[in-house]
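**Q**
Protein chains: 2
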Amino acid sequence: MALYVYKFGGTSVGSVERIKAVAEKIKKARDQGDQVVAVVSAMSGETNRLVALAKEIQTQPTEREMDVLLSTGEQVTISLLCMALHELGCSACSYTGAQVRILTDSSHTKARIQEIDDRKIHADLKSGRVVVVAGFQGVDEHGNITTLGRGGSDTTAVALAAAVKADECHIYTDVDGVYTTDPRVEPKARRLDKITFEEMLEMASLGSKVLQIRSVEFAGKYNVALRVLSSFEEGPGTLISYDEESEMEKALVSGIAFNKDEAKLTVTGVPDLPGVASKILGPIADQNIEVDMIVQNIAEDATTDFTFTVHRNDYLRAMAILEKVCSDMGARRVTGDDNIVKVSIVGVGMRSHAGIASTMFKTLAEEGINIRMISTSEIKISVVVDEKYLELAVRSLHKAFGLDKKEQ
Amino acid sequence: MALYVYKFGGTSVGSVERIKAVAEKIKKARDQGDQVVAVVSAMSGETNRLVALAKEIQTQPTEREMDVLLSTGEQVTISLLCMALHELGCSACSYTGAQVRILTDSSHTKARIQEIDDRKIHADLKSGRVVVVAGFQGVDEHGNITTLGRGGSDTTAVALAAAVKADECHIYTDVDGVYTTDPRVEPKARRLDKITFEEMLEMASLGSKVLQIRSVEFAGKYNVALRVLSSFEEGPGTLISYDEESEMEKALVSGIAFNKDEAKLTVTGVPDLPGVASKILGPIADQNIEVDMIVQNIAEDATTDFTFTVHRNDYLRAMAILEKVCSDMGARRVTGDDNIVKVSIVGVGMRSHAGIASTMFKTLAEEGINIRMISTSEIKISVVVDEKYLELAVRSLHKAFGLDKKEQ
Chain A
717 MALYVYKFGG TSVGSVERIK AVAEKIKKAR DQGDQVVAVV SAMSGETNRL VALAKEIQTQ
777 PTEREMDVLL STGEQVTISL LCMALHELGC SACSYTGAQV RILTDSSHTK ARIQEIDDRK
837 IHADLKSGRV VVVAGFQGVD EHGNITTLGR GGSDTTAVAL AAAVKADECH IYTDVDGVYT
897 TDPRVEPKAR RLDKITFEEM LEMASLGSKV LQIRSVEFAG KYNVALRVLS SFEEGPGTLI
957 SYDEESEMEK ALVSGIAFNK DEAKLTVTGV PDLPGVASKI LGPIADQNIE VDMIVQNIAE
1017 DATTDFTFTV HRNDYLRAMA ILEKVCSDMG ARRVTGDDNI VKVSIVGVGM RSHAGIASTM
1077 FKTLAEEGIN IRMISTSEIK ISVVVDEKYL ELAVRSLHKA FGLDKKEQ
Chain B
717 MALYVYKFGG TSVGSVERIK AVAEKIKKAR DQGDQVVAVV SAMSGETNRL VALAKEIQTQ
777 PTEREMDVLL STGEQVTISL LCMALHELGC SACSYTGAQV RILTDSSHTK ARIQEIDDRK
837 IHADLKSGRV VVVAGFQGVD EHGNITTLGR GGSDTTAVAL AAAVKADECH IYTDVDGVYT
897 TDPRVEPKAR RLDKITFEEM LEMASLGSKV LQIRSVEFAG KYNVALRVLS SFEEGPGTLI
957 SYDEESEMEK ALVSGIAFNK DEAKLTVTGV PDLPGVASKI LGPIADQNIE VDMIVQNIAE
1017 DATTDFTFTV HRNDYLRAMA ILEKVCSDMG ARRVTGDDNI VKVSIVGVGM RSHAGIASTM
1077 FKTLAEEGIN IRMISTSEIK ISVVVDEKYL ELAVRSLHKA FGLDKKEQ
């Protein structure tokens, strides 16, 4: 007998039929003797409907009232899922975030979980019930309803799994696992049986939007074994857990991630003095523009070139800020490019293996792909290339690191 | 400066535009220096939408989960109304039933309020906020969400008015007050400026569906002055309060109520022995059929005729039960009629005035209307007549008791 936390997102509970299918899945686990805590999101479309209602009234509603409004979405789902379970003869009880209670801080629309009371859940599980909990929401110490922000249901599931000491936390999605890269770009992409938290973090932040990054961090912190799997098909999915040393033949590279949403800005001829980076990035940060990669090269004439990437939506705004900074600090000029893509290879294996970087650069060179920027961390290497090379770069790297599907 | 509880039903908050209009109304009261606690229902149509979703999953959902589901309806409205108030620059804060908290017993779908915590409300009012509370819902001592059943928002409003010691509780509806009778039947019907709780109870239970009877009982019990008025037009509405002895020229009859939803059943030739009434009505009550009027006449041959009315929906079921009872107890036969209407005159004035009944009977006789049944209480007289006489009976009585609109 195992204890599972199952999380079903909006698409998985998007209609009465799908809610019934979710109930069947839970019933099956119960019939095998397992205990289940189910965390559900609002039915797909419901949150957008509620947001649209609010926007008709106020362009900038207060966050407290938005939380009151949006939290109704999951509350509808928990009751409907319980009904579907009852209909299958499966004992079940629903809880809102406040009812559990999932105590958060008071940062409305982006609250952080502080504490989960697991007494009701354990009592229910003990008496044979399935416990159905509204994802994405909690309550602060004053009784105000809070929400955890986008993807918050994943975080709820992981936090609950940690609190009740679940054996595994299953995240049911519309994909059947984590892939070596995006199958739409490389049809030979393979589903991974396992991946480490750290790799998943790199894959997620680099654009593989299977799991919310915060929930992965959380799972890593509390060592909750996460499994990503499909709501709609059978299959083992991908297990995300800590690296097990016992694995002899750990792949060097686990996957190829990419991100098409970035743009690159360069300030050339910057006087090479202390404090340059903060003079350039300070005004950018002041405008709440997030910076991703940062690279600085020393040029020969006591000046330096400073390059960084931002989200494409912020490109023009960042460019305007830089023009001013550039003239203020006596730099030569500002150039930019928003037709770029970041491609990254990710794998804990590269920690202990030299030569991964050179294999990457050599592979790209052989395909005639010019590298515009490089950035590395312990378990990933990212390059920026022209957007037109996206598919070519991903496919050639996928092959070079042995990630292609094995021939059947 | 007065403290008001305003209650807005589903139609009054049925769209974004109407919610904005409600906000304007509250803003106006605030601008005049009054304090407002607003109680709102789910937007019209929302409850039906949720019920339909539930029914797609289970024909008989558990009441606990129905309460979790339906209580989301008002929760949406409280947040939207607060946004509309904020948009007008009016400080406001929303509360669900659980947040207030409105403590109820655990009778899901028909819970009764046990206690209201008024601390948050008073603190908010004191700091200049409008307090917006979800009607119809509460929470039991275990933290389960409960609902008060149909019309429960009126009850919430009255209970809150009692708890915060409001000067008046305004019930905004789609009519502009309580009328002397249904204006669709008698165009000369007049809006009453005032009516007593007792009269309102008789009017409501007899089919003038302006207010839920439970909320009127509650208002009477806690002496909360109720005012029924229109959400859509300006006007003073009708004040429902205790009779004030000071009024010299109190009308004898305040209104004419009627009910077309009843059917009449008679058992004739019942042996006139003790326990007859319970032998007849016991099996009816056992089947959860509610009985309204009951009349028993002594016949000459030591037998009696026993007549009562039930809701028309229960007519055939009641008839089948009676057929069996009739043969068991050796009565002569069972007859029935579902083409009847009950017409009642209501007024606290009739307590101290003789001759009201005879005026009523004489008026009906002059119109050639045969009275089939009579039942009286301290402040009402009801008669059952053939349904075809409804309009004639109501209009002739309306005129006879001086209720017609004064000539302009």
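Here the protein sequences come in this chain order: A and B.
Each residue of the first sequence is one higher than the one before, counting from 717 in our numbering.
Each residue of the second sequence is one higher than the one before, counting from 717 in our numbering.
All C-beta atoms in this analysis are idealised placements derived from N, C-alpha and C, irrespective of residue type, glycine included.
From a predicted model like this one, the values you see are computed outputs, not experimental measurements.
(1) Applying the 10 Å Cβ sphere with the 16-neighbour rule, what's the burial state of B:T1092?
(2) By the 10 Å Cβ neighbour count, where 16 or more other Cβ atoms means buried, how is B:Q748 classified, buried or exposed?
(3) Using a C-beta to C-beta distance shorter than 7 Å, which residues of chain B count as neighbours of A:M799?
(4) Looking at chain B, which residues of the segment 727–742 of chain A have a Cβ within less than 8 Å of any of its Cβ atoms?
(5) Using alpha carbons as the reference points, say which of A:D1102, A:K904, A:H1069, A:A1036 lies closest to A:I1056.
(6) Which ranges does the alpha helix (DSSP H) cover as unbroken runs of at least 4 residues, wholly within the segment 1072–1107 of chain B, from first to last along the chain?
(7) Give me, in chain order, the residues of the same chain whose beta-carbon lies closer than 6 Å to that of B:V1011; leave out the 5 immediate sequence neighbours on both sides.
(8) List the endpoints of the continuous alpha helix (DSSP H) containing B:L801.
(9) Under DSSP, the beta strand (DSSP E) around B:H1027 begins and ends at which residues?
(10) Here's the rule: buried if 16 or more other CB atoms are within 10 angstroms of the residue's CB, otherwise exposed. What is A:F1117?
(11) Within the 7 Å Cβ cut-off, does A:L796 reach chain B?
(12) Given a cut-off of 7 Å, decide if B:L785 and A:S795 are closer than it, judged by their beta-carbon atoms.
(13) Classify A:V978 as buried or exposed, calling it buried when 16 or more other Cβ atoms lie within 10 Å of its own Cβ.
(14) Three Cβ pairs or more, each shorter than 8 Å: is that satisfied between the segment 1023–1034 of chain B and the segment 1060–1067 of chain B?
(15) Report back the beta-carbon spacing between B:V816 and B:V849 to the nearest angstrom; my notes put them in contact at under 8 Å.
(16) At 4 residues or longer, and completely inside the segment 850–909 of chain B: list those alpha helix (DSSP H) runs for me, N to C.
(17) Just confirm the distance between the C-beta atoms of B:S946 and B:D890, as a whole number of angstroms; I'd bet it's less than 8 Å.
(18) Are the beta-carbon atoms of B:A882 and B:L719 separated by less than 7 Å?
(19) Kindly indicate which residue of B:G844, B:V855, B:D909 has the alpha-carbon position closest to the one of B:D833.
(20) Where A:V752 and A:E902 are concerned, what is the direct C-alpha to C-alpha distance, given to the nearest angstrom?
(21) Answer yes or no: does any C-beta atom of chain A fall closer than 7 Å to that of B:Q815?
(22) Please state whether DSSP places A:C806 in a helix, a strand or coil.
(23) Kindly indicate if chain B contains any beta-carbon less than 7 Å away from that of A:L785.
(24) What does B:Q791 reach in chain A if we use C-beta pairs closer than 9 Å?
(25) Going along chain A, which residues have a C-beta under 7 Å from B:S810?
(26) With B:G971 as the anchor, note down where its beta strand (DSSP E) starts and where it stops.
(27) List the DSSP bridge partners of A:R943.
(28) Strictly under 7 Å for the Cβ-Cβ distance: is B:E803 near chain A by that measure?
(29) Do three or more CB pairs link the segment 730–740 of chain A to the segment 794–808 of chain A at distances below 8 Å?
(30) If we count the other Cβ atoms within 10 Å of its Cβ and call it buried at 16 or more, is A:L908 buried or exposed?
(31) Pull the bridge partners of B:V848 from the DSSP assignment, please.
(32) Take A:I738 as the anchor and find which of A:C806, A:I972, A:M717 has the nearest alpha-carbon.
(33) Closest by CA to B:G859, which one among B:S823, B:A814, B:I887?
(34) When the Cα atoms are used, what is the spatial distance from A:K736 to B:E1094?
(35) Let me check understanding here. Comparing Cα to Cα, which of B:T863, B:P987, B:H1114, B:A1109 lies closest to B:E781?
(36) Nearest-angstrom Cα distance between B:I1087 and B:V1100?
**A** Taking the coordinates as given:
(1) exposed
(2) Flag for B:Q748 reads exposed.
(3) A770, I773, Q774, P777, E781
(4) V732, I735, K736
(5) A:D1102
(6) 1072–1082
(7) T1023, M1089
(8) Element bounds for B:L801: 779–803.
(9) Secondary structure note for B:H1027: its beta strand (DSSP E) is the uninterrupted segment 1019–1027.
(10) buried
(11) yes
(12) Yes, these two residues count as a Cβ contact at 7 Å.
(13) A small fix is needed here, since residue 978 of chain A is Glu in this sequence, not Val. It counts as buried.
(14) no
(15) 6 Å
(16) Counting only runs of 4 or more, we get 868–880.
(17) 7 Å
(18) The answer is yes: Cβ separation under 7 Å.
(19) B:V855
(20) C-alpha separation (whole angstroms): 36 Å.
(21) yes
(22) coil
(23) yes
(24) V784, L785, S787, T788, Q791, I861
(25) E781, V784, listed in chain order.
(26) 971–975
(27) A:H886, A:L955
(28) yes
(29) The segment 730–740 of chain A, when compared against the segment 794–808 of chain A, does touch it at the 8 Å Cβ threshold.
(30) buried
(31) B:A754, B:S810
(32) Sequence check: residue 738 of chain A is Val here, not Ile. If we check each option's Cα against that of A:V738, A:C806 comes out closest.
(33) B:A814
(34) 56 Å
(35) B:T863
(36) 6 Å
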